[in-house]
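Numbering (our numbering), first residue to last: 200 to 830.
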């Protein structure tokens, strides 16, 4: 787990060395153990190392081929590297280290990039410079666990693990207003764009090849579609999932540094801790406590730990000593995700005791643990029984129903059952909050996000679950969930591993019919059944709370001084993002109700990010002012 960077600039080796040195410095928190830079006539690679496997100098990067003509920088962990190493040794390769990085390098030389990538089981973002071919190759893992950012123009390309690193070296242009709009709509910038114009995020499961200024991208893996004809029974799905989970946890226990586990009050992290115990791992679990708040899960987590008989430590959230600096420093873009702050706190504390942290991420996403997934499935089933003319009839009838109170839930459900994904994407209150109050300034007024323009149709309603899952993976999962964990853990030099993000688990579960995954009309029924059998019914059927910080309540109480930043004279108002004076009334209403809407939290984080990332006074030289590569 590390930070990687590079710059291919033909004919400008000294300039490239300076930019890569700058990026390597900016990545210091991701790799506190060592750093390295290697140069060729047209390319420079840089690396910051967080040593997990083979702590000796043999594992340092950039790692070079025996003749020095091929170099590699790598961030992540290849869990099946020992198996691949054995295969390469049988083909005559001799290894100098005991780490997974060398397996990538020699595997590339033996098999080529496509055959190598197809063999990999893990989380990874890596870059290879092949001097004889004058080719840079960038690869990102299947689910987008590890980030990889790039900027290309004028026959050059720069890349790094973070936007902040690229920006520090002069890459990218002005702040993208559309990205700011996404922060207000979703609470993050999506994978389709970056906060700065000209910077792109390599999509998950993608290989990018750059050669002489030309870029080619291709996907190397796709998640299976739902197999409606599957004959897999619920019992068979439970047994296979348990087998895959134990195998996945076993692979993620390989480490030359101490390992811990994140334990919430829910099912997924409890199953990971159970599997660690079954595999005779030395388990030490950690939980964040929001003392006195209804969202606090620490008591439930403590009960789970006692049931499993594992060591457990509770970490308290700070009450008054709170600053947004940590949140801004950990993420290269404005990232007002409420649970990100909790993830930062637990990462800071765990780092004092371990360097690898196993988490329960991924179970809800593929085993269908969110209520929205079940609602989509139920609406889809209804839509498949309705005639095509129902959509027009409902559009007339819904005008007669109230748009608030108990009827709102029924109205939304019928919207989904007749309009599909388009109706679902317009149901949440993101940008409309700002539009109703005329808050948006001249830079944002009149703009809209494409997601709110998706047309409603009965056709979409009849496949709503598949559409919802695809949208969730492409937007929420990759743009919010994955960056949250990576940014928080790497900010403290901590490697997060999620057994439920294993590709084999996802390939198996994604193909299961919803009737199996919703068995008994229960959310993530398969994982709950394993928890019932292996941990206990109290854990299996516990109500889901979610891992978050109650910012709506705390901003109106213990953090009210921080909220005061929005009261007057903001950067957002000065620079035209927010209309001057438009926040006074929303702030007054929020403090009177002792409940601060999440939209004001987003503005608060955005304001602080703008303060910490002022516009560049002098524009960089033309070859750094990049425009995005069209996919």
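Glycine included, every Cβ here is placed at the ideal spot set by N, Cα and C. Note that the structure is predicted; figures quoted are calculated from it, not measured.
Residue range of the alpha helix (DSSP H) that includes residue i
i: residue 667; result: 663-670
i: residue 222; result: 212-225
i: residue 180; result: No answer is possible for residue 180: it lies beyond the span of the chain, which begins at 200 and ends at 830.
i: residue 246; result: Counting along the chain, residue 246 falls outside any alpha helix (DSSP H), though it belongs to the beta strand (DSSP E) covering 242-248.
i: residue 589; result: 589-596
i: residue 461; result: Not the alpha helix (DSSP H): residue 461 falls in the beta strand (DSSP E), residues 458-461.
i: residue 580; result: 570-582
i: residue 794; result: Element bounds for residue 794: n/a, residue is neither H nor E.
i: residue 442; result: 433-450
Supposed contact pair residue j and residue i - C-beta distance, whole angstroms, cut 8 Å
i: residue 328; j: residue 220; result: At roughly 16 Å, the Cβ-Cβ gap does not stay under 8 Å, so residue 328 and residue 220 are not in contact.
i: residue 483; j: residue 497; result: 16 Å between Cβ atoms; not a contact.
i: residue 325; j: residue 365; result: Their Cβ separation, rounded to whole angstroms, is 17 Å, which puts residue 325 and residue 365 out of contact at 8 Å.
i: residue 620; j: residue 668; result: Incorrect: roughly 10 Å between the Cβ atoms, too far for contact.
i: residue 465; j: residue 641; result: The Cβ separation is near 44 Å, so there is no contact.
i: residue 339; j: residue 249; result: Not quite, the Cβ-Cβ distance comes to about 18 Å (not below 8 Å), so this is no contact.
Buried/exposed call for residue i, threshold 16 Cβ in 10 Å
i: residue 659; result: buried
i: residue 300; result: buried
i: residue 261; result: buried
i: residue 595; result: exposed
i: residue 432; result: exposed
i: residue 564; result: buried
i: residue 666; result: buried
i: residue 456; result: exposed
i: residue 818; result: A caution first: residue 818 carries a pLDDT of 46, below 50, which makes its placement in the model unreliable, though a value can still be read off. Residue 818 should be labelled exposed.
i: residue 404; result: buried
i: residue 234; result: buried
i: residue 608; result: exposed
i: residue 618; result: buried
i: residue 737; result: exposed
i: residue 586; result: exposed
i: residue 794; result: exposed
i: residue 274; result: buried
i: residue 369; result: buried
i: residue 468; result: buried
i: residue 358; result: buried
Selection from the options that minimises the alpha carbon distance to residue i
i: residue 579; options: 318, 614, 635, 257; result: 614
i: residue 526; options: 210, 806, 653; result: 806
i: residue 244; options: 269, 251, 783; result: 269
i: residue 591; options: 562, 544, 657, 783; result: 657
i: residue 846; options: 509, 416, 767; result: Lying outside 200 to 830, the shown extent of the chain, residue 846 is not represented and no answer is given.
i: residue 507; options: 731, 784, 402; result: 731
i: residue 375; options: 289, 533, 340; result: 533
i: residue 680; options: 540, 280, 524; result: 540
i: residue 336; options: 694, 413, 289; result: 413
Limits of the beta strand (DSSP E) - the one that residue i falls within
i: residue 323; result: 321-329
i: residue 234; result: 233-238
i: residue 510; result: 510-515
i: residue 729; result: That residue, residue 729, is in no beta strand (DSSP E); its alpha helix (DSSP H) goes 724-733.
i: residue 483; result: 483-488
i: residue 767; result: Neither: residue 767 is in no beta strand (DSSP E) and is coded neither H nor E.
i: residue 373; result: Unbroken run through residue 373: none, as it is neither H nor E.
Three-state secondary structure assigned by DSSP to residue i
i: residue 205; result: strand
i: residue 611; result: helix
i: residue 359; result: strand
i: residue 633; result: helix
i: residue 703; result: helix
i: residue 399; result: strand
i: residue 280; result: helix
i: residue 268; result: coil
i: residue 415; result: strand
i: residue 350; result: strand
i: residue 409; result: strand
i: residue 761; result: helix
i: residue 300; result: helix
i: residue 828; result: Residue placement at residue 828 cannot be trusted, given a pLDDT of 40 that sits under 50; what the coordinates show is reported in the next sentence. In the structure shown, residue 828 sits in coil (DSSP, three-state: anything other than H, G, I, E or B).
i: residue 335; result: strand
i: residue 555; result: strand
i: residue 695; result: strand
i: residue 275; result: strand
i: residue 648; result: coil
i: residue 422; result: coil
i: residue 470; result: helix
i: residue 748; result: coil
i: residue 777; result: strand
i: residue 639; result: strand
i: residue 263; result: strand
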